[in-house]
Amino acid sequence: MKKTVLIIGGGIGGLVCGAILSKEGYRVRVLERHSVAGGGLHTFKRNGIEFETGMHLISGFQENGVLNKLFSYIGVADQLQIKPADEEGFDHFHLAAEGVTYKMARGRNNFIKTVSTYFPEEKDNIDRYIQRVYEICDNISIYNLRAPSADIYSNMEVMETSVSELIASFTSNSKLQAVLAWNNAMYGGRKDKTPAYVGALITQFYIEGASRFVGGSQQLADGLVQVIEQNGGEVLTQTAAHFIDIQNQHIQKVISKGGREFTADYYISAIHPSSMFKITDVSHFKKAYYHRVDTIENSNSAFVTFITFKPNSFPYLNYAGFYTYDYEDVWNCAELLPDDRPRGCMYLTPPVSANDVFAQKMIINTIMKFDIVKKWEHTTVGKRGYDYYAFKTQHENKVLDMMEEIYPNFRSKIDTVFSASPLTIRDYYNVKEGAIYGTMNDCNNMPLSHLPVRTKIDNLLLTGQNINLHGILGVPLTAILTCGELIGLEKLLGIINYFSRTKVTY
Ligand SMILES: Cc1cc2nc3c(=O)[nH]c(=O)nc-3n(C[C@H](O)[C@H](O)[C@H](O)COP(=O)(O)OP(=O)(O)OC[C@H]3O[C@@H](n4cnc5c(N)ncnc54)[C@H](O)[C@@H]3O)c2cc1C
């Protein structure tokens, strides 16, 4: 008889676990509260145009890329439509104060060469820094799908040093330091908090294979659901887990909002731990554990502006743009300027075909603290009150003013515009404080911000962005660690490596 697994949450974390376990002989059931599975992979339509919610910048799908291997083994890599970002500049970092744009080139040597053209006297330091970044990445076993001398948290030195310290150990040039941290606004890097290994992983990951989904990230969610179903599992949408019944350190059943009862041999929580605690009797967890997990600091949230352009009015950009007023702003992207303007943004034009000439749409992310919208925290979608909508319109205008600084006459190209605030993100993902990357990794307090996938409840495992690392990289890697607890990590990595190498699906 097949062992059964019930997964709470159908985001990329729950779905990758579901796909792996269903392939490896488990009978899988995923509960997803929304009408479509995907979580951050989910796309939605406004006025007939499809927008991604939370997976715009991706990587790892290039030949030999870690996600290419994982998703080849799962059996969905071939059906994904992926477009590599510009080789000469996958990211453009605009520095308003000096009117300079720094281009980040794809590929290790290209990257060093390009950044060195802006700082010729620092060439050796840039070289040594990137060498260190690659060394750090080589030493993270799971990132290399290597059998498990240790997990992602094996190297204390790069966990307890911050990304800013790492960069500063190679150069004292503060402008170069900021340029090497240009992507903070994308992954929420914080000056004295984000561990060096997180900065290194994300930097190397994108240098090697920055790319986009053509036609949106939902394709990955759909592919994963298909794999689960083909292997006899099911993904039940509009089925929110409402109560997790634990007795004697063992989950007995999960009850859905509609009152349906689900039992399984194993349970995986793929939602924010605080959301999980809200639907169970927390006295079954050790007080210290519950308190530690429930009070972990969360990453920042975001204010996201979605734009559709008039036909053929704005060029398709095969790069992501990062904009800040000053160098220091890369470290403070969640802080507003004294007049409440954002300090910077990240924008991109998601591709709708492999050869777009003009952009159909743009997404502009500005990192925002939840505090800014806290006064409306007890409101629900559509009923947040006039002052909230006035705030949103005002902030949206500030974002558009910023875009005018980068692209004069920007507004004249726009057909429609709307925005999502940290409250939208909180309520859509069911995630505390609308934290876009889940819980915060803090190098000053790794034991507090790092969660093991195993819990003291003997048939409960954890997965998702809150456990190790967020995003298209962190969540699938954590899913491997979670599934490894059932299958055996060494064995699972062996299978993934074997089937991805031979390109055989089974
Ligand atoms: C605005 C924004 C932009 C982002 N941009 C990027 C990017 O460009 N690149 C990148 O790599 N990452 C990006 N991220 C981060 C990325 O989206 C997340 O790290 C990732 O999607 C998290 O996956 P997950 O499976 O852990 O959680 P989620 O995707 O949040 O999935 C959890 C799922 O559980 C469901 N759920 C919650 N509670 C219950 C319940 N009680 N019962 C049943 N189901 C439940 C939710 O509906 C959701 O579908 C972005 C995030 C945001 C918000």
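Following this note's numbering, the numbering of the sequence shown begins with 599 at its first residue and continues without gaps. All residues carry an ideal CB built from backbone N, CA and C; glycine is no exception.
task = Excluding the 5 residues preceding and the 5 following F691 in the sequence, name in chain order all residues of the same chain whose CB lies nearer than 6 Å to its CB.
result = Around F691: Y700, W780, F920.
ask   = Which residues share a DSSP beta bridge with K851?
value = D843
Cβ shell of N782 (< 7 Å), same chain only, five flanking positions each side left out = These residues qualify, in order along the chain: V928, W929, C931.
inquiry  = Does N896 come out as helix, strand or coil in the three-state DSSP assignment?
reply    = strand
Proximal residues to V626 (C-beta, below 7 Å), its chain only, five neighbours per side dropped = Contacts found: V603, I605, G616, L619, S620, I826, G831.
key: In chain order, each beta strand (DSSP E) run of at least 3 residues that lies wholly inside the stretch 919-957   = 942-946
Y945 versus H848 - alpha carbon distance = 46 Å
inquiry  = I need the DSSP call for I1034, collapsed to helix, strand or coil.
reply    = coil
task = Note the first and the last residue of the continuous beta strand (DSSP E) segment covering P682.
result = Start and end: 680-682.
task = Pick out the complete beta strand (DSSP E) segments inside the stretch 800-829, 3 residues or longer, and give them in chain order.
result = Segments of the beta strand (DSSP E) lying fully in the stretch 800-829: 809-811.
query = Between G607 and R631, what straight-line distance do the alpha-carbon atoms span, to the nearest angstrom?
reply = When rounded, the distance between both Cα atoms is 7 Å.
message = Between A900 and ligand 1, is there a pair consisting of the residue's CB and a ligand heavy atom that are separated by less than 7 Å?
response = Indeed, a heavy atom of ligand 1 lies less than 7 Å from the Cβ.
ask   = According to the neighbour-count rule (16 or more other Cβ atoms, all chains shown, within 10 Å of its Cβ), is A952 buried or exposed?
value = exposed
task = Throw me the rounded Cβ distance for the G612 and A868 pair, which I believe falls under 8 Å.
result = 3 Å between Cβ atoms; contact.
message = Is S873 a contact residue of ligand 1, with contact defined as CB to any heavy atom under 7 Å?
response = yes
request  = Please report how far the alpha carbon of R858 lies from the alpha carbon of V950, in whole angstroms.
outcome  = 40 Å
ask   = What do you reckon, are the CB atoms on V628 and V833 nearer than 8 Å?
value = yes
message = Give me, in chain order, the residues of the same chain whose beta-carbon lies closer than 6 Å to that of R1024; leave out the 5 immediate sequence neighbours on both sides.
response = If we look at R1024 and ignore the five residues flanking it on each side, its Cβ neighbours are G1032.
ask   = Quick one, are the C-beta atoms of I728 and F717 less than 8 Å apart?
value = In this structure, the beta-carbon distance from I728 to F717 does not fall below 8 Å.
Start and end residues, beta strand (DSSP E) containing V665 = The amino acid at residue 665 is misidentified as Val; the sequence shows Leu. Where L665 is concerned, there is no enclosing beta strand (DSSP E), although the alpha helix (DSSP H) it sits in stretches over 664-672.
ask   = Between the C-alpha atoms of K711 and G814, what's the straight-line distance to the nearest angstrom?
value = K711 and G814 have their C-alpha atoms some 32 Å from each other.
task = Pair every Cβ in the stretch 1062-1080 with every Cβ in the stretch 868-885, then say whether three or more of these pairs are closer than 8 Å.
result = yes
query = Within this structure, are the beta carbons of S760 and A798 separated by less than 8 Å?
reply = no
query = Taking DSSP as the reference, what is the three-state secondary structure of M1001?
reply = helix
query = Any heavy atom of ligand 1 within a distance shorter than 7 Å of the CB on Q679?
reply = no
key: Collapsed DSSP secondary structure at P913 in the structure displayed   = strand
Helix, strand or coil at Y577 according to DSSP, with G and I counted as helix = Given a span of 599 to 1104 for the chain in the structure shown, any question on residue 577 remains unanswerable.
task = Grab the span of the alpha helix (DSSP H) containing F875 for me, first residue to last.
result = 871-876
ask   = Are the Cβ atoms of E1083 and L1058 separated by less than 8 Å?
value = no
ask   = DSSP beta-bridge partners for N737?
value = Answer by DSSP bridge pairing: none, since N737 is not bridged.
query = Should H882 be labelled buried (16 or more other beta-carbon atoms within 10 Å of its own) or exposed?
reply = H882 is buried by the Cβ-count criterion.
query = Identify the residues that DSSP records as bridge partners of H690: which are they?
reply = K701, G919
ask   = Within 10 angstroms of its Cβ, does R1052 collect 16 or more other Cβ (buried), or is it exposed?
value = exposed
Segment contact flag, the stretch 932-943 with the stretch 961-971, C-beta cutoff 8 Å, min 3 pairs = yes
ask   = Would you call the stretch 903-914 and the stretch 1009-1016 touching, i.e. three or more CB-CB distances under 8 Å?
value = yes
request  = Compute the Euclidean distance between the alpha carbons of Y923 and I894, then round it to the nearest angstrom.
outcome  = Whole-angstrom Cα-Cα distance: 31 Å.
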